[in-house]
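What follows is a set of notes on a single structure, which appears directly below.
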Amino acid sequence: MSARPSVTQSCRSLIVFEQGDPTTFWYLLLSGEVELYAPAPNHRVDYRLQVIGAGSLFGELHVPRHTCSARVSRPAEFVRISQQHFISVYNKHADHLQPFITVMEDLTSEIASATRAKQ
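Letter by letter, the sequence shown follows residues 1 to 119 of UniProt numbering.
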């Protein structure tokens, strides 16, 4: 696995990662859109958590596996950054990065809390 960030271009519908995959990378979206979603059981309609656009960083901070899935919803270009490298940068510059970050475990825990409250 390379420690150097790599740029990836992709077309619509590319699965960036799936729920349960190891959290080895963070992603900086340079252009396009990525949909974060919770896969539906039995292949029914997926639950859309958020659509993120250019300039966003997305990934997981404190969990070993992805808590949701991500797929390209509009042709996109993004930089893939190793988890270790991202965490070292984040620890130094969290106050500047925070407005641009989507932490997926936060999204999924909010959804779980809302679901429990409705029950």
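Cβ coordinates follow ideal geometry from the N, Cα and C atoms, glycine included.
Could you spell out the range, first to last residue, of the alpha helix (DSSP H) harbouring residue i?
i, result
"ALA54", "Neither: ALA54 is in no alpha helix (DSSP H) and is coded neither H nor E."
"SER88", "83-97"
With a Cβ-Cβ cutoff of 8 Å, do residue i and residue j count as a contact?
i, j, result
"GLU33", "SER73", "yes"
"THR23", "SER82", "no"
"GLN19", "ALA40", "no"
"MET104", "LEU30", "no"
"THR108", "CYS68", "yes"
What span of residues does the beta strand (DSSP E) with residue i cover, start to end?
i, result
"GLY32", "25-38"
"SER10", "6-10"
"VAL103", "101-103"
Quick check on residue i: does DSSP put it in helix, strand or coil?
i, result
"PRO41", "helix"
"GLU18", "coil"
"MET1", "Reliability of the predicted coordinates at MET1 is poor, the pLDDT of 44 falling under 50, and the value obtained from them is presented with this limitation in mind. Correct three-state label for MET1: coil."
"THR108", "helix"
"SER13", "coil"
"PRO75", "strand"
With residue i and residue j assumed to form a contact (beta carbons below 8 Å), what rounded beta-carbon distance in angstroms separates them?
i, j, result
"SER10", "ALA76", "6 Å"
"HIS66", "PHE17", "5 Å"
"LEU28", "LEU57", "5 Å"
"THR8", "PHE78", "6 Å"
Touch test, the segment 83-98 against the segment 39-54, Cβ-Cβ under 8 Å, three pairs minimum: Segment contact: the segment 83-98 against the segment 39-54, fewer than three CB-CB distances shorter than 8 Å; contact not assigned.
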